[in-house]
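*Asks:*
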Amino acid sequence: MVGESGCGKSTLGKVIIRLEDATSGSIIVNGEDITRLQGKKLRKSRQQYQMIFQDPYASLNPMQMVGDIISEPILNYKKLPKEEIKKEVLYLLKCVGLSEDAYYKYAHEFSGGQRQRVGIARALALRPSLIVADEPVSALDVSVQSQVLNLLKDLQEQFNLSYLFIAHDLSVVKHISDVIGVMYLGHIVEIASDKEIYENPKHPYTKALISSIPQIDKLNKNRIILKGELPSPSNPPQGCPFHTRCPIAKDKCKENIPQLKDIGNEHQVACFYVDKVGDLNA
Numbered sequence: 063m064v065g066e067s068g069c070g071k072s073t074l075g076k077v078i079i080r081l082e083d084a085t086s087g088s089i090i091v092n093g094e095d096i097t098r099l100q101g102k103k104l105r106k107s108r109q110q111y112q113m114i115f116q117d118p119y120a121s122l123n124p125m126q127m128v129g130d131i132i133s134e135p136i137l138n139y140k141k142l143p144k145e146e147i148k149k150e151v152l153y154l155l156k157c158v159g160l161s162e163d164a165y166y167k168y169a170h171e172f173s174g175g176q177r178q179r180v181g182i183a184r185a186l187a188l189r190p191s192l193i194v195a196d197e198p199v200s201a202l203d204v205s206v207q208s209q210v211l212n213l214l215k216d217l218q219e220q221f222n223l224s225y226l227f228i229a230h231d232l233s234v235v236k237h238i239s240d241v242i243g244v245m246y247l248g249h250i251v252e253i254a255s256d257k258e259i260y261e262n263p264k265h266p267y268t269k270a271l272i273s274s275i276p277q278i279d280k281l282n283k284n285r286i287i288l289k290g291e292l293p294s295p296s297n298p299p300q301g302c303p304f305h306t307r308c309p310i311a312k313d314k315c316k317e318n319i320p321q322l323k324d325i326g327n328e329h330q331v332a333c334f335y336v337d338k339v340g341d342l343n344a
């Protein structure tokens, strides 16, 4: 899921794992509306949905040793002997590329990349089916980002995971995603396979994002420069949320909100003038 800062990506992720409640609508996972789950059903579902947070410096308790951080979700959900829990934590540390002595260390003794590995191990502790990764590499040095991305891809295969990978950088998303959703001001404006999004974007906002990705072999490529500023999410414009910055907007866009429509090849777009997007120079 990609989009500008403040568009609602992180809120969507938190609503999915029920860290925040949805104010309206529904979220269907495996045929079940998870926004309606309460009590024991909600507690049980939380084992299946975990989160990797954006800031590895703020998401780990500085008063706990790493072993305690990773074992906490296990203790909350499973009745296992201490020896079994420790064995499991040591296994998870190995899976994320940390040594066994990390078990007795505190978060401040690690680099940002290592802290994020601890966060990943914690998210894996209950063997979830879905992990929401909320910009998991944006706070890391560029040299470390690729290492963490490769780790996430390896773990996805090893643990049979699905990711909702949240980012504002399309060049990062390209290396880890199969299907990409593009969000603008709280609305998903396009959903398609990674190949379709990069080679055949059909929403003007998506096309502008794609045009902003630096490409060495296209030094003279024209960028689509969007006019104006991102409107306030608390006071969005009437009609299509993108019409105030859209280069192909017409009067209809000011009055009505376009809905996601399937245009073939499992490609969905929320735009009244999909046929005009190809005319934009990029």
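Per the numbering used here, residue 63 is the first one in the sequence shown, and the count goes up by one each step. Even glycine gets a Cβ: it sits at the ideal position worked out from N, Cα and C. The structure presented is a predicted model; accordingly, all values stated were derived computationally and were not measured.
(1) Have a look at the DSSP bridge pairing and note the partners of Asp196.
(2) By Cβ distance below 6 Å, which residues in the same chain neighbour Gln112 in space, the five residues on each side in sequence not counted?
(3) Report the rounded CA-to-CA distance for Leu342 versus Ile287, giving the unit in angstroms.
(4) Determine the extent of the beta strand (DSSP E) in which Ser255 is found, giving its start and end residues.
(5) Could you check the C-alpha separation between Asp130 and Lys314 for me, to the nearest Å?
(6) Would DSSP call Asn282 helix, strand or coil?
(7) For Lys323, which three-state DSSP category applies?
(8) Does the count of Cβ pairs from the region 166 to 178 and the region 121 to 129 closer than 8 Å reach three?
(9) Can the beta-carbon of Ser255 be found closer than 8 Å to that of Asp231?
(10) Give, in chain order, every unbroken run of the beta strand (DSSP E) that is at least 3 residues long and sits entirely within the region 89 to 164.
(11) Among the residues of its own chain, which have a CB less than 6 Å from the CB of Glu258, if the five just before and after it don't count?
(12) Helix, strand or coil: which one does DSSP assign to Gly174?
(13) Taking 8 Å as the CB-CB cut-off, is Ile228 touching chain C?
(14) What separation, rounded to the nearest whole angstrom, lies between the Cα atoms of Gln207 and Glu317?
(15) Do you know whose CA, among Ser294, Ser296, His305 and Thr268, lies nearest Gly340's CA?
(16) Would you list the one or two residues that DSSP bridges to Met63?
*Replies:* Based on what the coordinates show:
(1) Ile228
(2) Ala185, Pro190 and Ile193
(3) 11 Å
(4) His249 to Ser255
(5) 56 Å
(6) Its pLDDT being 49, under 50, Asn282 is placed unreliably in this model, and the value from its coordinates should be taken loosely. Three-state DSSP puts Asn282 in coil, outside helix and strand.
(7) strand
(8) yes
(9) no
(10) 111 to 114
(11) His329
(12) helix
(13) The chain labelled as chain C is not found in the depicted structure, where only one protein chain is given.
(14) 42 Å
(15) Thr268
(16) Per DSSP, none; premise fails for Met63.
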